[in-house]
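Chains as they are written, first to last, in the UniProt record's numbering: chain G, 1 to 668; chain L, 1 to 668. All residues carry an ideal CB built from backbone N, CA and C; glycine is no exception. Just so you know, these numbers come straight off a predicted model, no measurement behind them.
There are 2 protein chains.
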Amino acid sequence: MAKLLFSLSLLLPLLSTTTAAVGRHPHDSLSPDEFELTRSLITNSNPSTNVTFQYVALADPPKQSVLAWLSNPKTPPPPRRATAIVRLNKATHEILIDLVKKSILSDQVYSGPGYAPFTFEEQFAAAALPLSHPPFEAAVKKRGLKIEKVVCICFSVGWFGEKRKMEKRIVKVQCFDLDGSLNYYMRPVEGVIVIVDLDEMKIVGFRDRYRVPMPKASGTEYRASKLKPPLLPPLNGIKMVQPDGPSFKIDGHSISWANWNFHLSLDERAGPIISLASIYDIEKQKRRQVMYRGFISELFVPYMDLNEEWYYRTFFDAGEYALGQCAVSLQPLQDCPENAVFMDTYTAAGDGRPVKMSNTFCIFERHAGDIMWRHTEGNKNVPNTPITETRTETSLVVRMVATVANYDYIVDWEFKQSGSIAVDIGLTGLLAVKASKYTHNDQIKEEVYGPLLAENTIGVHHDHFVTFHLDLDMDGVANSAVKSNLRTVRSRDPNSPRLSYWTVIAETAKTEDDAMIKLGHQEVEVSIVNPNQKTKVGNPVGYRLIPRSTAGPLLSPDDYPQIRGAFTNYDVWVTPYNSSEKWASGLFTDQSHGDDTLATWTLRNRKIENEDIVMWYTMGFHHVPCQEDYPLMPTLKRGFELRPTNFFESNPVLKVTPPRIVNLTNCS
Amino acid sequence: MAKLLFSLSLLLPLLSTTTAAVGRHPHDSLSPDEFELTRSLITNSNPSTNVTFQYVALADPPKQSVLAWLSNPKTPPPPRRATAIVRLNKATHEILIDLVKKSILSDQVYSGPGYAPFTFEEQFAAAALPLSHPPFEAAVKKRGLKIEKVVCICFSVGWFGEKRKMEKRIVKVQCFDLDGSLNYYMRPVEGVIVIVDLDEMKIVGFRDRYRVPMPKASGTEYRASKLKPPLLPPLNGIKMVQPDGPSFKIDGHSISWANWNFHLSLDERAGPIISLASIYDIEKQKRRQVMYRGFISELFVPYMDLNEEWYYRTFFDAGEYALGQCAVSLQPLQDCPENAVFMDTYTAAGDGRPVKMSNTFCIFERHAGDIMWRHTEGNKNVPNTPITETRTETSLVVRMVATVANYDYIVDWEFKQSGSIAVDIGLTGLLAVKASKYTHNDQIKEEVYGPLLAENTIGVHHDHFVTFHLDLDMDGVANSAVKSNLRTVRSRDPNSPRLSYWTVIAETAKTEDDAMIKLGHQEVEVSIVNPNQKTKVGNPVGYRLIPRSTAGPLLSPDDYPQIRGAFTNYDVWVTPYNSSEKWASGLFTDQSHGDDTLATWTLRNRKIENEDIVMWYTMGFHHVPCQEDYPLMPTLKRGFELRPTNFFESNPVLKVTPPRIVNLTNCS
């Protein structure tokens, strides 16, 4: 939802001192100098006009040249380029910059449906308009509210089949009452619609349709400093200590830990991008490629209320609100444990100038008391039994939190010595609620689109679909997707007392159609393998996807939001690698018509066997709110694991030495 | 699988000193004195005969009297009784003991199908028989193995439709080669079948059917002390410290932590039993019931190989091998973190004498760097923004590990301040593999029932189904099960630009049939609610089940193992509370015919609306082994969460004070 406004403080011109010491890995995000260069080249070529920078990022260097550069340091580094999507004279330009030659390589006007993500600044400006709009002031007064206590945010308007020519770059502004509680999301000014044209930056529509009582402020406060007793007494202090410091090394934005190496960067739209993840195979005595790149491609959040004020709330948190730009500064000891190391990042402001964000990422070793593997050998005929062998689990976590208006998304990438990569998404923050006349369930005789959570407060049903772009490369780019179907087999052996068993029917996906998979509906394991690389006994090396619960879309396929979000129609898709296919919802998502999505790309049904392929995985949440989500939500976590499956000759954890013992003395 | 033999060392007569200081909570397991009393009463009444104690446990005190005693300490405590299932003169006796009057209340001979769990001693004895059995010695010799390097374990034989009269209390003994590696599970003596009559304690069947090469010993060692370089260098030390000690209190076997109270005990068959879990509602200023009792009722592990040596391997790890008696002594700093507290337990040996197990349970606070809830408020119109409020997650974990022959099951019950109870099952240990002539996939042209993991080593396909008995009591015993079905609704409003949405159709299960649920096949949330207790706005108080992935049975329903394991046919069942319905596979599981299971009880289709009800939840794993499972398995974790859903008026985590800060000085 609405990109947040607090970053204004970060929009001050950048001090030259902070521009120093930025790495030059081909996947490093743009440096402050590079943002500055991109901005000046574009603004200088359009001196008279006002340029809005909607998306500025590193232009992906060609995958082949990155891989060539990696395999041989002597090869010239890949070209260093920036891509910028800017709005000028009510036109959307896609501009490619050569950062080395300091020149504009191309400038194309995009006139198709859809727009780039909002900037903070245009959201600030649009959100301020109602507060000085007489009809809105009257609406506020009518409701007995104080205009100076009203605060607004911007919502994308979606697309509902309107003709192209009718389109404008508009948002709808939703306001809230701040009087008596900072938790204004629990107190929407319901029944009022304000429509703003972002290019004109003026209100082009207003309607005050109905009034309902304002939900009460009491009980919505969540700041510890403001909470009234009774409170639960605090637990005794507990702390993670690493006297010798962390076991990982950070060189620029490259991170190495245990058997893992990978690169971490921030993209304004995707958030964290993990790339070039490779694992050291101690048996083979070599480093092996696992993932070229992994990131959140889209985060689709449709609400389920058909009323005039709500029907359009079908948000694309990456494509419309730029998940990465919604990243928040992580609080040491709170958002990340004592042993965390933090990393800062830069993005571009609406005027193209670099913005520094402190503590965007934290990196820490997790030591949660889990067991990586164990066995107790108890057979009395075995010498010296019982023997207990246990290895405690220590893993590496990379965390980012993006606060998209009311919702806080916790994004954790976890690397394990077993070779697994686990991704967890935590949903917390504040619910989007609807003010209602109802104070008790017994009064409700109509569809209200969600449960009553408190007096005059409805928690509207909604979904979260997090779609990941997972460009796995198992020992090289030529890979295949394999569906291991578990099938019941009836015994054909009259002598066997058993009537049945299950076996695995492995099916290699030849084309994109073969790899459109709804998990949960079938007993299937999905793997990405290298058909050209086999283990000694002849298993193709690979990784398998282990999902944690599935939740598919429930909107009708012909409904407009679902056409735009059609990339959620399957849990898994596999496509041939294509540098232009990064964003499952399309490059221009705001008001898109769904004609440039993962679902449309795959209509070509391309060949994906023994090719450079990308797996797309969507993790779904159906959110039926409950009173425990009010006035804030305890974290709800979901995730998936990419687990080595015949990638190694044998279990790599066998080669893991237990961590050094910590002996703390004189602690007080 | 086979109950292990190492506990022999624990079977020494108990020192009187250890019998002291055992609590007297109605749910406390039997004390050493009580085990001793039970034993002596039974043996004294059968002086001339040899009595085998197959299962000795606390007889559940009537639920109503426990609840009465809890609500009013003046009421007399519930009767203290023991139940013992013993084998004497080839007959199975169910004996009930009054521990206060020190008398036998009843002694019933059970003559139906099925037998009680094996004792360790009879397994030791049976496993030793082949080693002095000439035909077996010949078979070993024929294979070029040394008989003194051969070690054996016992397997239950299952039931495959044989007539009752043909039945004997038998096991099949599988032997392994210990020569060159302690990890003998990777090296089975394949092709030999030894059948032992446990009552006669003699070999009643033998067959040497075929020979295959013995899988090699090299590469199977897993002891750190024996591992050869290269190894991954150790990570820097990392440690959890709690200078003021843990925040939980243990009184006897009652544990209190944060807002939670519960009782922990060990049952020889079920393992950990969590009972009387209640949470303090700080808003209501009262303690509220959540769960009367929760435990693992059965753990069904069918293998998928139809050959003569394998078809019968359809194990019930609780009902046949007594999961609780397979508990292993947890290693401080290895199986549990630095801040763990340990609890000892007692069970009965085969001769009825009490056996002490040290460190059966560990209890610790988990501080994994997770976020319990957070929000960053960024709207610039809000005073003093940005505001970041975060609470780190600290939870309480109760852990037990049961090593059932090759498999190690890690059982974690986790309690959260949000009101959630999360259960995690971790599978690790050693795989059950089959020796095979094959050394490469290219040679395999037949069904071999699993993948080749190493030369001559097949990882046989199998399942793990963990079935939980969850007797939830939401503010009292009269509860209902509610299915919240998420259904797509087509818009009937021609004016709405939206064509569809989803809503929740709540359905209260009236009878057992209504509550047989296959999760994953439908978008449904299952809750247990108290229809008589509503929140202020009128939502029934309850908890919902949040599963983590689902895997249903794949055996044919008419296949004998599936008839015995029919309780896995649905992920969720709900039954009226019935003190006799504890074991989903029936009381006498070994060689059972499936006529006393959750699936047969529910044929009565009893009323479950607004009744004292029990939810049964089965967590399934389909295990397609891979080379990373060889020679030992990295932990594979799965679990579920019981999450408050309109149980509280609002989010209880709001009332959680951040833990005290730890300041460590002079640590070195």
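- Query: Between the region 200 to 232 of chain G and chain L, which residues of the former have a C-beta closer than 8 Å to a C-beta of the latter?
  - Reply: From the region 200 to 232 of chain G, only Gly219, Tyr222, Arg223, Ala224, Leu227, Pro230, Leu231, Leu232 have a Cβ closer than 8 Å to chain L.
- Task: Pick helix, strand or coil for Glu190/L, following the three-state DSSP scheme.
- Result: Stepping through the second sequence from its first residue, residue 190/L is reached at position 190. The three-state reading of DSSP puts Glu190/L in coil, since its state is none of H, G, I, E or B.
- What does Ser491/L reach in chain G if we use C-beta pairs closer than 8 Å? For the purposes of this step, residue 491/L is taken as residue 491 along the second sequence, with counting starting at 1. Neighbours of Ser491/L on chain G, chain order: Leu306.
- Query: Cβ of Ala368/L less than 7 Å from any chain G Cβ?
  - Reply: Within the second sequence, residue 368/L is the residue found at index 368, counting from 1. Closer than 7 Å: yes.
- For His202/L, the three-state DSSP class (helix, strand or coil): Here residue 202/L refers to the residue found at position 202 of the second sequence. Per the sequence shown, residue 202/L should be read as Lys rather than His. Three-state result, Lys202/L: strand.
- Message: For residue 671/L, tell me which candidate among Gly429/L, Gly419/L, Ser418/L, Ile421/L has the shortest Cα-Cα distance.
- Response: Residue 671/L lies beyond the range of chain L shown here (1 to 668); nothing can be said about it.
- Query: Exposed or buried, what is Thr459/L when buried is set at 16 or more other beta-carbons lying within 10 Å of its beta-carbon?
  - Reply: Your numbering for residue 459/L matches position 459 in the second sequence. Reading the sequence as shown, one finds Gly at residue 459/L and not Thr. Its Cβ being crowded by 16 or more others within 10 Å, Gly459/L is buried.
- Query: Does DSSP put Ala515/G in a helix, a strand or coil?
  - Reply: Within the first sequence, the letter at position 515 stands for residue 515/G. Helix at Ala515/G.
- Sheet register partners of Gly459/G (DSSP bridge): As a working note, residue 459/G is residue 459 in the first sequence. Answer is Val433/G.
- Taking any Cβ of chain L, which residues in the region 443 to 456 of chain G have a Cβ under 8 Å from it, in chain order? The region 443 to 456 of chain G vs chain L, Cβ under 8 Å: Glu447, Tyr449, Pro451, Leu452, Leu453, Ala454, Glu455.
- Message: I want to see whether chain G comes within less than 7 Å of Asp335/L, judged by CB atoms only; does it?
- Response: Residue numbering aside, residue 335/L sits at position 335 when the second sequence is read from its first letter. Yes - at least one Cβ of chain G is within 7 Å of the one on Asp335/L.
- Task: To the nearest angstrom, report how far apart Met474/G and Met291/G are at their CA atoms.
- Result: In the first sequence, counting from the first residue as 1, residue 474/G sits at position 474. In the first sequence, counting from the first residue as 1, residue 291/G sits at position 291. Met474/G and Met291/G: Cα-Cα distance of roughly 7 Å.
- Item | Minimum C-alpha distance to His464/L - residue among Leu299/L, Val151/L, Trp257/L | Your numbering for residue 464/L matches position 464 in the second sequence. If we check each option's Cα against that of His464/L, Leu299/L comes out closest.
- Task: Look at Pro32/L and Pro61/L and say whether their C-beta atoms are less than 7 Å apart.
- Result: Position 32 of the second sequence holds residue 32/L. Position 61 of the second sequence holds residue 61/L. No.
- Query: Once you ignore the five residues that flank Pro77/L on each side, which residues in its own chain have a CB closer than 7 Å to its CB?
  - Reply: On the second sequence, residue 77/L is found 77 positions in, with the first residue counted as 1. Setting aside the 5 residues that flank it on each side, Pro77/L is surrounded in the same chain by Pro26, Trp69, each with a C-beta closer than 7 Å to its C-beta; the list follows chain order.
- Alpha-carbon to alpha-carbon, Asp493/L and Asn307/G: Counted from its first residue, the first sequence places residue 307/G at position 307. Counted from its first residue, the second sequence places residue 493/L at position 493. Between Asn307/G and Asp493/L, the alpha-carbon positions lie close to 10 Å from each other.
- Query: Under 9 Å Cβ-Cβ, which residues of chain G neighbour His622/L?
  - Reply: Working through the second sequence from its first residue, we reach residue 622/L at position 622. Within 9 Å Cβ-Cβ: Leu486, Trp502, Glu523, Glu525.
- For Trp260/G, which three-state DSSP category applies? Indexing the first sequence from 1 puts residue 260/G at position 260. Trp260/G: strand per DSSP, three-state reduction.
- Item | Bridge partner(s) assigned by DSSP for Asn50/G | Within the first sequence, residue 50/G is the residue found at index 50, counting from 1. Under DSSP, no beta-bridge partner is assigned to Asn50/G.
- With 16 other CB atoms within 10 Å as the buried threshold, where does Ile661/L fall? Translated into positions along the second sequence, residue 661/L becomes position 661. With fewer than 16 Cβ atoms within 10 Å of its Cβ, Ile661/L is classed as exposed.
- Task: Can you pull the chain L residues whose beta carbon is under 9 Å from the beta carbon of Gln533/G, in chain order?
- Result: If you number the first sequence from 1, residue 533/G lands on position 533. Going along chain L, no residue has its Cβ under 9 Å from Gln533/G, so there is no contact; the nearest lies around 13 Å.
- Message: Please identify the residue among Ala57/L, Ser549/L, Ser29/L, Ile104/L whose C-alpha is closest to the C-alpha of Asn46/L.
- Response: For the purposes of this step, residue 46/L is taken as the residue at position 46 of the second sequence. Cα-wise, what sits closest to Asn46/L is Ile104/L.
- Using a Cβ cut-off of 7 Å (strictly closer), state whether Pro234/L contacts chain G. What you label residue 234/L is simply residue 234 of the second sequence in a count that begins at 1. Judged by the 7 Å Cβ criterion, Pro234/L is in contact with chain G.
- Query: Who are the Cβ neighbours of Ser7/G in its own chain at under 6 Å, not counting the five residues just before and after it?
  - Reply: Within the first sequence, the letter at position 7 stands for residue 7/G. Any answer about Ser7/G is weak, because its pLDDT of 36 lies below 50 and its placement is not dependable; what the coordinates show is given next. Closer than 6 Å at Cβ, skipping near neighbours: Phe120.
- Sequence-distant residues of its chain with Cβ nearer than 8 Å to Ile195/L (five each side left out): Against the second sequence, residue 195/L aligns to sequence position 195. Result list for Ile195/L: Val157, Ile170, Val171, Lys172, Val173, Ile203, Val204, Gly205, Phe206, in chain order.
- Would a check of beta-carbon distances place Thr657/G closer than 7 Å to chain L? One-based indexing of the first sequence puts residue 657/G at position 657. Yes, contact with chain L.
- Query: With respect to the beta strand (DSSP E) encompassing Lys483/L, which residues constitute its N-terminal and C-terminal limits?
  - Reply: Within the second sequence, residue 483/L is the residue found at index 483, counting from 1. Per DSSP, Lys483/L belongs to the beta strand (DSSP E) from 478 to 490.
- Item | Interface partners of Val382/L on chain G, CB under 8 Å | Counted from its first residue, the second sequence places residue 382/L at position 382. What Val382/L touches in chain G: Val151, Leu178, Leu182, Tyr184.
- Query: Excluding five sequence neighbours on each side, which residues of the same chain lie with their C-beta closer than 7 Å to the C-beta of Trp502/L?
  - Reply: In the second sequence, the residue the question calls residue 502/L occupies position 502. The beta carbon of Trp502/L sits closer than 7 Å to those of Leu486, Arg487, Thr488, Val489, all from its chain and outside the five residues before and after it, given in chain order.
- Query: Name the DSSP beta bridge partners of Val157/G, please?
  - Reply: Residue mapping note: residue 157/G aligns to position 157 of the first sequence, counting from 1. DSSP lists no partner for Val157/G.
- Buried or exposed for Ala91/G, please, with buried defined as at least 16 other CB atoms from any protein chain shown within 10 angstroms of its CB. The residue you call residue 91/G lines up with position 91 of the first sequence. With fewer than 16 other Cβ atoms within 10 Å, it is exposed.
- What runs of the beta strand (DSSP E), each 3 residues or longer, lie entirely inside the region 293 to 322 of chain G? With a minimum length of 3 residues, the continuous beta strand (DSSP E) runs that stay inside the region 293 to 322 of chain G are 314 to 316.
- Query: Per DSSP, Gln289/G is paired with what?
  - Reply: What you label residue 289/G is simply residue 289 of the first sequence in a count that begins at 1. Note: Gln289/G is bridge-paired with Ser278/G in the DSSP secondary-structure output.
- Task: Could you check which residue in Glu512/G, Ala84/G, Asn381/G, Tyr311/G has the C-alpha nearest to that of Val150/L?
- Result: Mapped onto the second sequence, residue 150/L falls at position 150. Check the Cα spacing between Val150/L and each of Glu512/G, Ala84/G, Asn381/G, Tyr311/G: the tightest is with Asn381/G.
- Short check: CB of Asp305/L to CB of Tyr210/L, under 7 Å? Mapped onto the second sequence, residue 305/L falls at position 305. Mapped onto the second sequence, residue 210/L falls at position 210. No. Outside cutoff.
- Query: If you draw a straight line from the C-alpha of Ile528/G to the C-alpha of Glu162/G, how long is it?
  - Reply: Counting from one through the first sequence, the residue named residue 528/G turns up at place 528. Counting from one through the first sequence, the residue named residue 162/G turns up at place 162. Between Ile528/G and Glu162/G, the C-alpha separation is close to 41 Å.
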